[in-house]
Structures are given as structure tokens and as C-alpha cells.
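Protein chains: 2
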Amino acid sequence: MALSEFEIIRRFFHREVPLRQDVALGIGDDGAVVRVAEGCDLVISTDTLASGVHFPADAEPSDIGFRSLAVNLSDLAAMGAEPAWATLALSLREATEAWLSGFARGFFSLADEASMQLVGGDITRGPLAITVSVYGSVPRGEALLRSGARPGDLIFVTGTLGDAAAALELDLKTAPATHARALRQRLLRPIPRLIVGVGLRGVASSAIDVSDGLASDLGHIVEASGVGARIEVASLPLSEPLCQLVARYQAWELALSGGDDYELCFSAPAMHRALVTSLAHSSDCPITQIGVIESERGLRCVTPDGSLLTIARPGYRHF
Amino acid sequence: MALSEFEIIRRFFHREVPLRQDVALGIGDDGAVVRVAEGCDLVISTDTLASGVHFPADAEPSDIGFRSLAVNLSDLAAMGAEPAWATLALSLREATEAWLSGFARGFFSLADEASMQLVGGDITRGPLAITVSVYGSVPRGEALLRSGARPGDLIFVTGTLGDAAAALELDLKTAPATHARALRQRLLRPIPRLIVGVGLRGVASSAIDVSDGLASDLGHIVEASGVGARIEVASLPLSEPLCQLVARYQAWELALSGGDDYELCFSAPAMHRALVTSLAHSSDCPITQIGVIESERGLRCVTPDGSLLTIARPGYRHF
Chain L
7 MALSEFEIIR
17 RFFHREVPLR
27 QDVALGIGDD
37 GAVVRVAEGC
47 DLVISTDTLA
57 SGVHFPADAE
67 PSDIGFRSLA
77 VNLSDLAAMG
87 AEPAWATLAL
97 SLREATEAWL
107 SGFARGFFSL
117 ADEASMQLVG
127 GDITRGPLAI
137 TVSVYGSVPR
147 GEALLRSGAR
157 PGDLIFVTGT
167 LGDAAAALEL
177 DLKTAPATHA
187 RALRQRLLRP
197 IPRLIVGVGL
207 RGVASSAIDV
217 SDGLASDLGH
227 IVEASGVGAR
237 IEVASLPLSE
247 PLCQLVARYQ
257 AWELALSGGD
267 DYELCFSAPA
277 MHRALVTSLA
287 HSSDCPITQI
297 GVIESERGLR
307 CVTPDGSLLT
317 IARPGYRHF
Chain F
7 MALSEFEIIR
17 RFFHREVPLR
27 QDVALGIGDD
37 GAVVRVAEGC
47 DLVISTDTLA
57 SGVHFPADAE
67 PSDIGFRSLA
77 VNLSDLAAMG
87 AEPAWATLAL
97 SLREATEAWL
107 SGFARGFFSL
117 ADEASMQLVG
127 GDITRGPLAI
137 TVSVYGSVPR
147 GEALLRSGAR
157 PGDLIFVTGT
167 LGDAAAALEL
177 DLKTAPATHA
187 RALRQRLLRP
197 IPRLIVGVGL
207 RGVASSAIDV
217 SDGLASDLGH
227 IVEASGVGAR
237 IEVASLPLSE
247 PLCQLVARYQ
257 AWELALSGGD
267 DYELCFSAPA
277 MHRALVTSLA
287 HSSDCPITQI
297 GVIESERGLR
307 CVTPDGSLLT
317 IARPGYRHF
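Just so you know, the sequences run in chain order L and F.
For the first sequence, the working numbering assigns the number 7 to the initial residue and increments by one for each residue that follows.
For the second sequence, the working numbering assigns the number 7 to the initial residue and increments by one for each residue that follows.
Following this line, the structure appears as C-alpha cells:
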């Protein structure tokens, strides 16, 4: 089967009913034309997922479609932006109907949930790789940055950490099936914390999404903010499956240095503690305090006996 | 040498002096934050260039950098948009200093000329491929679309056609060196017609950039507009090198079906003929009338003796 680029777009990516009123022109011209609401900044983020690097070559197309949008939406969440539009650059060796329809199903299941509209893209022949760009808006000047953490601020994370890394690194064959499934789901279908991100505007002093590992990503916050951080490792939120499968120290290690969880890590002034608690309730998303920002530079991960934990692998390096 | 993603960005893509005041936050956070001027629409376009598909594997890195931005800017030109920002997703097998500095030199030479700022991106390990997204603005509702051509409108193209295709398809070894160089330059470093594009707002009834070949791209205009077109092939603007190297019929064939020229093709009401002429002068860009829009569907390419030219290869298909 040889589908042309136009046929692929028409059959799998073009949708009759435009979702959003702020899209003046969607797929099908030299560019898309969209409208940013007055008084709002535009937030742009882009991420590439390559086969064999960011997902296994034999991953389900629908999971690939879901994940390629999810990791990008997670960046919007970390900026406190409300998602609006996406573009998709797809490089494919061969354009099979099964692959394309699976990919589109996964992609649009999340796009629809986030009320996003795919407004353009490009399809080329090449090794399987997906570059998604996402566009969202924040009220002018309210984007959450990495650079605003101040000594005394509390450090929080959403959800649980280390699950995706466990799915990647542990042999789950002997694990109870429900545990194995739960951990794999965290890796394949990360849920971007969009509602929390929007709720953190005016509350958080800094934010980042945990894609490379907590130690590495919190490291970006403290570096950009010119501060340091103390983490109480006993406070790290761990899932039930992870706790049951590995010893506590290994769970901490996975939580600190494993990537791909796509939770949010943020700092907030202590006076906003109640606002954070109330956001956790209203968004139905657990939020846990794991430490404090300190003026002394660097990252200190303190175990219950008061000793410092050394992190063996501080985050993922691409080259 | 193993450069980390952060080092690559810092050394080759991050620039100390931000170019544009409408960039609230550039490279280095989870996303970029930019401001679209009030009363303006945002135009988004994205294109991938893959090694061996869109450029030869042994192409000069600086030409690849230039071209990856140029083909995207050409889309903004075809929308009548003024360029503002870009993001760059780079997939690389190995990150050598020579390649990166050459690529960045070519990319930024054009970005600077277009007063664009690179605001974000992603670097991953994989087969060489470049996805650039570009963002520009047009006054609300003034974007040039493919769908506005009306019977009686005149059809114009900028510059000359067929040069890039000649560089791809002809054996230039025996051609005079200056001719060979001129044609190759058209292929390697296409000049996006940004000033003409902006000048066509309120003048052109439709526009597209010629990336797949005139017949194919004008075909998109007539299809989107629900009309047809008659092209006088003797009017097709041909460069001196092309005319000297091939017979007239072959030059027409290259001009009609060869892609990669990145000129603009547009329609305009006959009453705007003088405006088009004056735009050609003010922008220092030749603009030639090549035909008229007709109500009868389809594309008719008429030779000087009145016969219809059949186009052997109607445009490039990716799959």
C-alpha cells in the first residue's frame, strides 16, 4: 500500500469538526492560523520521540501516539499553561494503515481530553520518529519558570516517583500481573498534570516536569534559581506496586534518578502550603512535600538516619 | 567527544543577546514564552528535512542549517506572515563540533536576516533529521490562503522556476562553472520571499510556495478555491543558466514539475496588476504573470502553438 501524504492526513489526522474557535485555519494550507487570547502569553514546547531511544521499536502504535503528545503536554503543565494546539512531524519508514490508525487513536484520545486541536504538521519518509510541538496560553507574565525558587520555599511533587523507571529497569516477569501492568502503564501512558499546572499559577515559585529524574530536574530548578535543596528521601511518594517489588533503598534510588514519570516538581513559599493542599484535593492529584529550598547550593538527599544519599546516576544524558 | 544536550545548546544555539522584545522567555525552561502582538493572528508552520530525502547525506552542514529554516520561512511568506520565532528539533547520530557549528552558522545567518529568534527545541540521538517550526504574525484575518482564487484573477510567480530541479536532475559537470554554481545555489540555499509575502496582504487572492513543483502547487490553489487555471508556458520565468543548458521544452517541464524553487505562486484580481508591479519594484524581486484563473476546473498548460502540454510528473509524493 502506498498512501500519499495527503491521503494520510485526510484519513488519519484531519477531522471534520474543528474543535476550537481560536483556530482560524487548521490543517491544509502552508501554515495554520490561530488566535492567542488577549492578555495572554503563548507557551511553546517541542519534543522528539525516536524509536529505540524514547520507546521500544515494538511499542503499540496507540501508546506511541499517546506518549508523543503526553510528554509535550507535561512541559505545558510545568509552565502553568493551558493547552490549545499541536503540530505533528511524523517520520515513517512505511505508512501502514494499522500503524497510522493506532497512532492517531492514541494521539487524539489525549488531545481530545486536553481540548487541543492538531493544526498542522509534516509527514516524511525515514526512520520512525515523532516530533510534536504544543502551544498553550497563560495570562501575561504568569508562566511558571524554573528560576523563581527562594530559600525557605517548600518543595513538592505530584503523584508517585520511580514507577516508569521500575517498568524500564526491573524484570517484571515474576511480579504480580496487576503490579507489572500498573508500572508499565506509567511508562507507556504518562498523564500530564495539566490541571495541577494551571492551579499552580500564582502559587508555585518554580516548576519543572520530572522527565530525566527528580535529582536531575530539581537540579535544574536550584541551578536556575541560584539556590540549593534538601530532600527528605523518606518523604518521596512511592507507589504501592513499587514498594512491594523492591527494597526501600532501591525505591528511593529509582524515585530520585529514574526519569519518565512526568510528574511535576515545584517549589512554593511556606505561606502557600494550604493552597497546595487545597489544589491537591480539587485536582484529585496527590501532592507531597519532599523537602525545602536552602540558600546553600547543591542538592542534599537525606535518609531517615541523617546520612546523605549519593545518587549514582544523576539523570539521563542524550549524547 | 561526547557533548551533552545542554552543552550543545549552550555552545551552538544559545545566544547571549536576545533578539526580540516579544520573547519573554527563550531557550532553557520547559517551554518558551512569547507575545503575539495585539490584533494579530499567529501563523504556525513546520517542516522536516531528512538526510538522503531532503538533502544529500554529504551536504555541507551550513547549507543544511540554512535550508532547514528557509523552507519553513517560505511557508510563512506564502501566508503573508512576518517571521518572529523558531523552534528546532535536531536528531543526530553523533554531535561533532564541526557539524554543529556549521549547521548553526547556516541556520542563524538566515534567522538573523529574517529577525527571528530561536526560542526552543530538542536534541535527540538518531538518524540525521531536522524539524523546524516557525511562527509569524499577520494582522487579524489577513493571512493569505490557498482558497481565495476567483475566475478572472491573474496568476503570478516570483523569481525563476526550474533551477533547483535542474541542479538536482541535470549532469552539471560539463556546464559552465558559473551556471552550475548558480543552479546549485538555488537548490541548497533557497531564498524565502518574505518581503513579497508581506506585501501581498490585501493584494493576492491566494498564495502558495512552490516546493513540489508549479503544476502541483498551483493545483492545490485551484482545488482549494474550486476553480481552474490556464498557464501560458511561454510566460514561465526561466533563468539565464537554465535557458543556456537545456532546450526550451525541457526548461518548461522543469519549471512546471520541478520542486524546491521556493518561489511564491499567487493569484490577484486584475485590478491589482499595478500593485503587483509596484511590489516587484519595491521588493527588488521579479514577479511574472504566467496565466489566469478560470472557472473550468483543472490545470491547462498552453504552449505558444496553442497545444496543451502534458505534465509527466505532477509533483513529489512522499509515500
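Glycine residues also receive a C-beta, built at the ideal position from the N, C-alpha and C atoms.
Note that the structure is predicted; figures quoted are calculated from it, not measured.
Residue i, DSSP secondary structure in three states
| i | result |
| --- | --- |
| ILE197(L) | coil |
| GLU300(F) | strand |
| ARG323(F) | Because ARG323(F) sits at a pLDDT of 47, beneath the cut-off of 50, its placement in the model cannot be relied upon, and the point is left open. |
| ILE50(F) | strand |
| CYS307(L) | strand |
| GLU13(F) | helix |
| SER57(F) | strand |
| VAL163(L) | strand |
| GLN191(L) | helix |
| THR130(L) | strand |
| LEU176(F) | coil |
| GLU273(F) | Going by the sequence as given, residue 273(F) is Ser instead of Glu. Note: SER273(F) maps to strand in three-state DSSP. |
| VAL248(L) | In the sequence as displayed, the identity of residue 248(L) is Leu instead of Val. Looking at LEU248(L) - three-state DSSP - the assignment turns out to be helix. |
| SER263(F) | helix |
| LEU106(F) | helix |
Residue i versus residue j: straight-line alpha-carbon distance, rounded
| i | j | result |
| --- | --- | --- |
| LYS179(F) | ARG190(F) | 12 Å |
| TRP258(F) | ILE161(F) | 16 Å |
| ASP266(F) | LEU224(F) | 14 Å |
| ILE50(F) | ASP35(L) | 10 Å |
| ILE296(L) | PHE272(L) | 10 Å |
| SER263(F) | ARG207(F) | 27 Å |
| PRO330(F) | GLY147(L) | Residue 330(F) cannot be examined here, being either before or after the span of chain F that is shown, 7 to 325. |
| VAL59(F) | ASP53(L) | 22 Å |
| ALA276(F) | GLU246(F) | 29 Å |
| THR294(L) | PRO243(L) | 7 Å |
| SER80(F) | GLY37(L) | 10 Å |
| GLY71(F) | GLY219(L) | 32 Å |
| ALA110(F) | PHE19(F) | 7 Å |
| ASN78(L) | ALA213(L) | 15 Å |
| LEU167(F) | ALA261(F) | 5 Å |
| VAL308(F) | GLY158(F) | 17 Å |
| ALA181(L) | CYS291(L) | 26 Å |
| MET7(F) | GLY127(F) | With a pLDDT of 49 at MET7(F), under the threshold of 50, the modelled position of this residue cannot be trusted, and the question is left open. |
| VAL29(L) | ALA120(L) | 15 Å |
| GLU11(L) | LEU96(L) | 10 Å |
| SER107(F) | VAL202(L) | 40 Å |
| LEU150(F) | VAL298(F) | 18 Å |
| LEU251(F) | GLY165(F) | 18 Å |
| ALA274(L) | GLY154(L) | 9 Å |
9 Å Cβ cut-off: residues of chain F touching residue i
| i | result |
| --- | --- |
| SER273(L) | Those within 9 Å of SER273(L) in chain F number zero; the least Cβ separation is about 14 Å. |
| PRO133(L) | ALA56, SER97, GLY132, PRO133, ALA135 |
| THR93(L) | ILE50, SER51, THR52, SER139 |
| ARG2(L) | Because chain L is modelled from 7 through 325, residue 2(L) falls outside the range shown and cannot be assessed. |
Under 8 Å by beta carbon: chain L residues contacting residue i
| i | result |
| --- | --- |
| ARG41(F) | ASP47, LEU48, ARG146 |
| ALA87(F) | GLY37 |
| ASP128(F) | THR52, ASP53, THR54, THR137 |
Beta-carbon contacts of residue i that lie in its chain and below 6 Å, excluding the five residues immediately before and after
| i | result |
| --- | --- |
| VAL216(F) | ASP223, ASP267, GLU269, CYS271 |
| LEU285(L) | GLY205 |
| SER74(F) | LEU55, ILE136, VAL138 |
| GLU300(L) | PRO157, GLY234, ARG236 |
Residue(s) in a DSSP beta bridge with residue i
| i | result |
| --- | --- |
| ARG236(L) | VAL298(L), ARG306(L) |
| GLN123(F) | TRP91(F) |
| SER143(L) | LEU48(L), GLU88(L) |
| SER97(L) | THR130(L), ALA135(L) |
| SER333(F) | Nothing in the structure corresponds to residue 333(F), since chain F is present only between 7 and 325. |
| ALA38(L) | ILE50(F) |
Same chain only: Cβ atoms within 8 Å of residue i, ignoring 5 sequence neighbours per side
| i | result |
| --- | --- |
| SER143(F) | VAL42, ALA43, CYS46, ASP47, LEU48, VAL49, ALA87, GLU88, ALA90 |
| PRO145(L) | GLY45, CYS46, ASP47, ARG207 |
| ALA76(F) | LEU116, ARG195, PRO196, ILE197, PRO198, TYR268 |
| ALA92(F) | LEU75, ASN78, ALA117, MET122, GLN123, LEU124, VAL125, VAL138, SER139, VAL140, TYR141 |
Neighbouring residues, chain L, relative to residue i (Cβ below 9 Å)
| i | result |
| --- | --- |
| GLY304(F) | Going along chain L, no residue has its Cβ under 9 Å from GLY304(F), so there is no contact; the nearest lies around 17 Å. |
| ILE214(F) | ASP35, ASP36 |
Where residue i meets chain F, residues with beta-carbon distance less than 8 Å
| i | result |
| --- | --- |
| GLU44(L) | GLU44 |
| ARG73(L) | Going along chain F, no residue has its Cβ under 8 Å from ARG73(L), so there is no contact; the nearest lies around 14 Å. |
Proximal residues of chain F, C-beta to C-beta of residue i below 7 Å
| i | result |
| --- | --- |
| ALA149(L) | LEU31, VAL39 |
| ARG21(L) | Residues of chain F passing the Cβ test: none, with the nearest at roughly 17 Å. |
Contact set between residue i and chain L, taken where Cβ atoms lie within less than 7 Å
| i | result |
| --- | --- |
| LEU82(F) | GLY37 |
Beta-carbon contacts of residue i that lie in its chain and below 7 Å, excluding the five residues immediately before and after
| i | result |
| --- | --- |
| SER289(F) | ILE201, VAL202, GLY205 |
| GLY66(F) | Position check: residue 66(F) holds Glu in this sequence, whereas Gly was assumed. For GLU66(F), where only same-chain residues beyond five positions count, the Cβ hits under 7 Å are GLY108. |
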